[in-house]
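Numbering (my numbering), first residue to last: 109 to 477.
Beta carbons: idealized from backbone N, C-alpha and C, even for Gly.
Quick caveat: nothing in here was measured; it's all calculated off a predicted structure.
First comes the structure, then the notes that go with it.
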Amino acid sequence: MDAVPARPARIQDVAAAAGVSVSTVSNVLNRPERVTAGTAERVREAVAALDYVPHPGAAGLRTGHSSAIGLVLPDVTNSFYARIARGAADAAYDHGYSLVLCHSGDDPDREQGYFGMLAGQRAVGVVVVPLSADPGRLARLRERGIPLVLADRAMPDQEGCSASVDDIAGGRAAVRHLLDSGARDILVVNGQRGIRQCADRYQGARQAVRSHREARLGQVVAEQMTVAYGAQIVRALTDLPDGVFCTNDFLAAGVCRALTERGARIPEDVQVVGYGDLDVATFGATTLTTVRQPVEDLGRAAVEMLLDETEARAEHVHESRVFAPGLVLRESTRPPADGQDAIRRVTGPHSPDGSCDGKAHSVGVASAR
């Protein structure tokens, strides 16, 4: 006769082995901050000894919700969004939740469809990088009845939580570095004006040149923020500037390619600064000076705020966390005249000493529940 396999350990078995209640075991697994260190260690030892695996649907049966968090992204193949997903997945795992990744494909109807699916599956909540900051669109998303947190975009009117980057400070730092390194005829290669991040980066660039009367700032708008369009813009220029600020790294990579084709030396003749510190920034023959964003922190912070909203409920305070970017100097620009180190901090509004170190500045308002 075949041996009857032992049944899997249950949470009651773990509680008995550790000498605690079932609720204490649940707290150790899901809310460890509520349990003393000694008790938590006993429970973890019992979990390991019994090879206990929590049932993913158990919490859902009790609370009416699953243990899944939805993450809706415009393009999962874009490394920027992939890094947001990594930060969100790490935070979800750390708190005992799973992450459901949804690719909206820059399609508003598909974005709305995913919200309907996630609401129907009773997801804990949704983190979304929205296609538009239009208040009406965001209101329709919130009408699905599940908590919503924005990533890479501030929530209008503090009607929910959000995690974003101070792109004005980033644009200001990029152009200030070009000025410090001797550039005076600076071209901004920007994305579409309707993209809030692009508008903010250009605003920061304009702020940087206000104190330099001898400097000129021009702008060209790319139809798409790609390597091909960055190269196309440079090929169409009659006269080359001595400095170029691109509002993403893909545009900057294309600009560098076309400058080389035209025989311009980088950085001797033209200096180039990108934005994002994506993988493409280090792939070319000339590595790219760029503005680094704490992208993984955006995903992690968004998930943490979402979980706080679902667990704290009436006591929850909506937050708008704004992360400070940093400028990374590489081969596409000359060293600044002041002789700063290879990595400079960006001057921004979020630190008392005027420095920005990747940490978040948080503004909170009471939840309207």
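Check: Where G371 falls, given that 16 or more other Cβ within 10 Å makes a residue buried; Outcome: exposed
Check: Contacts around S270, its chain only, beta-carbon distance under 6 Å, and the 5 residues preceding and following it disregarded; Outcome: L258, A262, M263, S428
Check: Residues that L406 bridges to, as DSSP identifies them; Outcome: L406 is not bridged to any residue.
Check: According to DSSP, residues forming a beta bridge with A271; Outcome: A259, R429
Check: Reference Q305; option with closest CA among D217, Y383, H211; Outcome: Y383
Check: D217 to E141 span [Cα, whole Å]; Outcome: 40 Å
Check: Reduced DSSP category for V237 - H, G, I as helix; E, B as strand; rest coil; Outcome: coil
Check: CB-CB length for A330 against V297, believed under 8 Å; Outcome: 6 Å
Check: Beta-carbon proximity list for T355, same chain, < 6 Å, skipping 5 on both sides; Outcome: N298, G299, C306, R309, Y383
Check: Among F358, D385, V335, the one whose alpha carbon lies nearest that of T397; Outcome: D385
Check: Spatial distance of G392 from L437 (CA atoms); Outcome: 15 Å
Check: V235 vs A196 beta-carbon contact at 8 Å; Outcome: yes
Check: First and last residue of the uninterrupted alpha helix (DSSP H) at Y337; Outcome: 335-344
Check: Other residues of its chain near Y201: CB distance less than 6 Å, five sequence neighbours each side excluded; Outcome: none
Check: Other residues of its chain near P444: CB distance less than 7 Å, five sequence neighbours each side excluded; Outcome: H285, D288, S289
Check: First and last residue of the uninterrupted alpha helix (DSSP H) at N135; Outcome: 130-138
Check: Straight-line Cα distance separating E419 from S475; Outcome: Caution is warranted here: a pLDDT of 34 is assigned to S475, below 50, making its placement in the model unreliable, and the coordinate value is therefore given only provisionally. Cα to Cα, the separation comes out at about 13 Å.
Check: Beta-carbon spacing of T394, S440 below 8 Å; Outcome: yes
Check: According to DSSP, residues forming a beta bridge with R400; Outcome: G384, G434
Check: Rounded distance between the beta-carbons of L367 and V342, thought under 8 Å; Outcome: 6 Å
Check: Spatial distance of A126 from V180 (CA atoms); Outcome: 40 Å
Check: Outcome for Q120 when other beta-carbon atoms lying within 10 angstroms are tallied against a minimum of 16; Outcome: exposed
Check: Rounded distance between the beta-carbons of A336 and V363, thought under 8 Å; Outcome: Not a contact, Cβ separation roughly 11 Å.
Check: Coarse secondary structure for S319, derived from DSSP in three states; Outcome: coil
Check: Three-state secondary structure (DSSP) of R301; Outcome: coil
Check: Supposed contact pair Q311 and G278 - C-beta distance, whole angstroms, cut 8 Å; Outcome: Rounded, the Cβ-Cβ distance is 11 Å, inconsistent with contact.
Check: S206 - partner residues in DSSP beta bridges; Outcome: A176
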